[in-house]
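Undergrad:
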Amino acid sequence: MKRLRIYYPVLAAAILIVLLHLVLAVTGKIYYMTQVTMSAYYALVVIGLCLLMGYAGQISLGHAGFFAIGGYTVAVLTTHNLSHYRAASWAESLRSLGMLVQWRNLYEQDVLSFSPWVAFLAALLLAGVIAVMIGLPVIRLKGHYLAMATLGFGLIIYRIVLGAKLFGQADGISNLPPFHLVGSLQVNGRAPFRVQNYYIAWVAVLAAMVLGLNLIHSRVGRALRSIHQSEEAAHSLGIDTYRYKLATFVLSALLAAVGGALLTHYNGSIGPSEATVMKSVRYVAIVAVGGMANLWGTMVMGVLLNFLSLRGVFGSYDDAVFGAILIGVMLFAPQGLLRVPRLRAIFFVGRASSLAVQKLVRAQRAAVLRTKATCARRSHG
Amino acid sequence: MTFALFVQYALSGITVGSVYAIVAIGFNIIYCTTGIINFAQGEFLIVGAMTAISLAQVAPLPVAILGAVLITTALGAVVELVFIRQVRNASVLRLIIITIGLSILIREAMLHVWDEQVRSLPYFTGTAVSTVTLLGAHISPQVLWVLGVSAVIVTALTLFFRYTTTGRAMRACADDRMAARLCGVNDRWMVTLSFMLSAGIGALAGCVVSPITQTQYDMGAPLAIKGFTVAILGGLGNSMAAVAAGLFLGLLEAFVVSVLPASYKEVVALVVLLLILVFRPSGLFARRETSALRAA
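If you're matching them up, the sequences are chains A and B in order.
Here the first sequence is numbered in my numbering, starting from 20 and rising by one per residue.
Here the second sequence is numbered in my numbering, starting from 847 and rising by one per residue.
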């Protein structure tokens, strides 16, 4: 029964989500749902990044790249018109398998393209393969080197989508078909589908949360945390640090790709702005303000900040706000904003006597050592 | 490819390369004294150039450039005193994130001060169309300015680090901060000084190259990436090797343009960066034992 306790917040979140729906409906702001839905898909990216940064302690400045890989793969596969090959035998057989579908786009043109399910799986596969290929060499790097390598990866993806005709260059790709999940459920950005998409997005987010919570409360999670605290110590205890880091990297890349693929279907389009370094930095900022090793904080901040940004609250200071958040959080609250004791310490205790601070530091250091030992014992006792 | 065309490509490569080298040296100066990679390094160049462009409207060019260098140097000091000094003993992750945040803030501030228009300083001598003929190639005199100023910066820095007390104190901090402090070096001020120095030379480089490459508020980040690539190629902390690596990358880019579409020029530097990070993160010129230390 004790193990189930970690899922109570998921239940609470589900209730809050329904409440939010009711509040929006009562206040006549139901159109806010569109931005909430989009923010939820962005939250998928930061949940993955939170596992990587907060728990495994590895930075990535290239997650917008994985988001773009997911989004652009589904965009290309579902909109690239194969009508030309209609008669070809491979097209016939793929069509009989349901992998190719015939549909009519906004310009009343008949399009023969891959079905969204095939495209979605292909996007996941591609993102996974690229994540492994990039991760294998790069995840061995540390600190600045890892930051720069992932930044370089993100920039390469950006340059490619901006430069290649296949990806629509600066215009991106638009006119995606809706993604029919099961029955009448579909990822579709048009107004009549607003409510069901709100719930589809949240189900995806909560599923990712359950996955993440499961992971961090398992043997793997404890191993990751011990890597974060001291990679050498973890290594010496026989934890295969490299494999754990790589697996987390790939998992977070997959979550980013899922977010990218679903949001692209929801918006019906994707452009190169989704692949910029600034996007990657935003994701990092959100994880930082959420408290690094704090899945719930990151998820809430991911939805909140993206929602505010999409509503245009920050105006022309959009990027500056995220830059300021990064610096502010790192300078004053490296544990994130959503930790009440810390807030209390900052606002009420202020500058306590240096003796008390020293005492605190010593106690904390001891606590860290104890956790390290427990972590190690639990996962490899 | 004719010989004249070859010289043309080579000279343009050397010009860009020497700017990369100066950005890389800026990275190195700060990395040596603090162990921080300053992600806002590229922004220093743009701040310098933009300030000079504004000052040049009210003052003669040399005064404007001098003023811009001084203002950017002051900005470097502010960055260190206000932000970096506050986070002693911070983890690398935290420091990376802070300098990234700084680069965004500086960039956005520039956007609001100078808008998104592309500007440039006037040519130091002659005009945009005047040329000098060298080995059959026609080049702008500004190219010679870039090369000359880069050479002066590198020489001056070498002399500074080798022969002045302050320069030697900075090197001592880079080697072993605790030992330097025990010898009476004020290590905190050396860190501030390193930020000022790298901001100052960045600003100067930004001014000299502005007539050729133009200046826009968001050009700092690509320059920083190239500069970092060069710094890694040469081995972090090794300023002389950075010059060689800068010229190498500049030449590579210049000649790649003759084979690949220009829009993929950026990708070349990035691929070089990934390759060097993966295969030789300690740099091309590093010896084995030092590479083992630095990679950690």
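Ideal placement from N, C-alpha and C gives every residue a C-beta, glycine not left out.
Would you verify that the beta carbon of Y1110 of chain B is, or is not, closer than 8 Å to some beta carbon of chain A?
TA: Closer than 8 Å to some Cβ of chain A, the Cβ of Y1110 of chain B qualifies, so yes.
Undergrad: Counting only Cβ pairs nearer than 7 Å, list the residues of chain A close to V1113 of chain B.
TA: Ordered by position in chain A, the residues that pass the 7 Å Cβ test against V1113 of chain B are I175 and R178.
Undergrad: Please list, in chain order, the chain B residues whose beta carbon lies closer than 7 Å to that of P291 of chain A.
TA: Result: empty, since nearest Cβ-Cβ is about 12 Å, beyond 7 Å.
Undergrad: Counting only runs of 4+ residues fully inside the stretch 58-110 of chain A, write out the alpha helix (DSSP H) ranges in chain order.
TA: Segments of the alpha helix (DSSP H) lying fully in the stretch 58-110 of chain A: 82-98.
Undergrad: Please look up how many angstroms separate the CB atoms of I176 of chain A and G84 of chain A, rounded, as I've assumed it's under 8 Å.
TA: Indeed they touch by this definition, with Cβ atoms about 4 Å apart.
Undergrad: Let me make sure I understand the geometry here. Which of B:S1085, B:L1043, B:A1051 and B:A1115 has the alpha-carbon closest to that of A923 of chain B?
TA: Here the closest residue by C-alpha is B:L1043.
Undergrad: Does the pairing of the stretch 95-107 of chain A with the stretch 132-145 of chain A give three or more beta-carbon distances under 8 Å?
TA: With a cut-off of 8 Å, the stretch 132-145 of chain A and the stretch 95-107 of chain A count as touching, because enough Cβ pairs lie within range.
Undergrad: Can you confirm whether R1023 of chain B, when its beta carbon is compared against all beta carbons of chain A, has any partner nearer than 8 Å?
TA: It does not; no Cβ of chain A falls within 8 Å.
Undergrad: For F133 of chain A, which beta-bridge partners are listed by DSSP?
TA: Answer is A:L119.
Undergrad: Below 8 Å on the Cβ atoms is my contact criterion, and I expect L80 of chain A with A166 of chain A to pass it. Report the Cβ-Cβ distance as a whole number of Å.
TA: Right, the Cβ-Cβ distance comes to about 6 Å (below 8 Å), so this counts as a contact.
Undergrad: Rounding to the nearest angstrom, what Cα-Cα distance links A382 of chain A and L388 of chain A in this structure?
TA: If you take the alpha carbons of A382 of chain A and L388 of chain A, they lie about 10 Å apart.
Undergrad: Since T46 of chain A sits in a beta bridge, which residues does DSSP pair it with?
TA: T46 of chain A pairs with nothing; no bridge assigned.
Undergrad: What would DSSP say about T295 of chain A, mapped onto helix, strand or coil?
TA: Coil, per DSSP.
Undergrad: Could you tell me whether any Cβ in chain B is nearer than 8 Å to the Cβ of L323 of chain A?
TA: Not one chain B Cβ lies under 8 Å of L323 of chain A.
Undergrad: Could you tell me which chain A residues have their CB closer than 9 Å to the CB of I876 of chain B, listed as they occur along the chain?
TA: Here the premise fails: no neighbours, minimum Cβ distance about 12 Å.
Undergrad: What residue range is occupied by the uninterrupted alpha helix (DSSP H) comprising Q984 of chain B?
TA: Note on residue identity: the sequence assigns His, not Gln, to residue 984 of chain B. No alpha helix (DSSP H) holds H984 of chain B; the beta strand (DSSP E) holding it covers A983 to I985.
Undergrad: Alpha carbon to alpha carbon, what distance is there between F1074 of chain B and A870 of chain B?
TA: If I take the Cα positions, the gap works out to 6 Å.
Undergrad: Report the rounded CA-to-CA distance for S1128 of chain B versus A150 of chain A, giving the unit in angstroms.
TA: For S1128 of chain B and A150 of chain A, the distance between alpha carbons rounds to 24 Å.
Undergrad: Taking the alpha helix (DSSP H) that T848 of chain B falls in, what are its first and last residues?
TA: Note, T848 of chain B: premise wrong, no alpha helix (DSSP H); not H, not E.
Undergrad: Hey, out of B:T918, B:F890 and B:L1123, whose CA is closest to L162 of chain A's CA?
TA: The residue asked about is misnamed: residue 162 of chain A is Gly in this sequence, not Leu. Of the listed residues, the one whose Cα sits closest to G162 of chain A is B:L1123.
Undergrad: Does DSSP classify V277 of chain A as helix, strand or coil?
TA: It is helical.
Undergrad: Classify V964 of chain B as helix, strand or coil using the three-state DSSP reduction.
TA: Looking at V964 of chain B - three-state DSSP - the assignment turns out to be coil, as it is neither helix nor strand.
Undergrad: In the DSSP assignment, find the beta strand (DSSP E) that holds V933 of chain B and state where it starts and stops.
TA: V933 of chain B -> no beta strand (DSSP E), and no H or E assigned at all.
Undergrad: Provide the residue span of the beta strand (DSSP E) that contains V978 of chain B, from first to last.
TA: Note, V978 of chain B: beta strand (DSSP E), V978 to L980.
Undergrad: Is DSSP giving S1137 of chain B helix, strand or coil here?
TA: For S1137 of chain B, the predicted model reports a pLDDT of 43, less than 50, meaning its position is unreliable and no value from the coordinates is stated.
Undergrad: Hey, how far is the Cα of V992 of chain B from the Cα of S864 of chain B?
TA: So the alpha carbons of these two residues sit roughly 8 Å apart.
Undergrad: Does the CB of G947 of chain B have a neighbour CB from chain A at under 8 Å?
TA: Yes - at least one Cβ of chain A is within 8 Å of the one on G947 of chain B.
Undergrad: Looking at C-beta atoms only, is the number of pairs between the stretch 1081-1089 of chain B and the stretch 1031-1050 of chain B that lie closer than 8 Å three or more?
TA: At 8 Å Cβ cutoff, the stretches do not touch.
Undergrad: Excluding the 5 residues flanking I365 of chain A on each side, which residues of the same chain have their C-beta closer than 6 Å to its C-beta?
TA: Confidence in I365 of chain A is poor, its pLDDT being 48 and thus under 50, which makes the residue's placement unreliable; the coordinate value appears in the next sentence. So the list is empty, once near-sequence residues are dropped.
Undergrad: May I ask you to report which of helix, strand or coil DSSP gives S373 of chain A?
TA: Residue placement at S373 of chain A is poorly supported in this model, since its pLDDT is 47, which falls under 50; the coordinates are not used for a value here.
Undergrad: Counting only C-beta atoms, is E954 of chain B closer than 8 Å to chain A at any point?
TA: Judged by the 8 Å Cβ criterion, E954 of chain B is in contact with chain A.
Undergrad: Residues in the stretch 136-155 of chain A with C-beta within 8 Å of chain B's C-beta atoms, listed in sequence order?
TA: Under the 8 Å Cβ criterion, the stretch 136-155 of chain A contributes no residue.
Undergrad: Given this structure, state the Cα-to-Cα distance separating L980 of chain B from Y1110 of chain B, to the nearest angstrom.
TA: The alpha-carbon atoms of L980 of chain B and Y1110 of chain B are separated by roughly 29 Å.
Undergrad: I need the straight-line Cα distance from P28 of chain A to W315 of chain A, nearest angstrom please.
TA: Rounded to the nearest angstrom, the two C-alpha atoms are 9 Å apart.
Undergrad: Relative to the alpha-carbon of F873 of chain B, which residue among B:D1021, B:I860, B:T861 and B:E889 has its alpha-carbon at the smallest distance?
TA: Ranking the options by Cα distance to F873 of chain B, first place goes to B:E889.
Undergrad: Could you give the DSSP three-state label for S858 of chain B: helix, strand or coil?
TA: S858 of chain B falls in the helix class under three-state DSSP.
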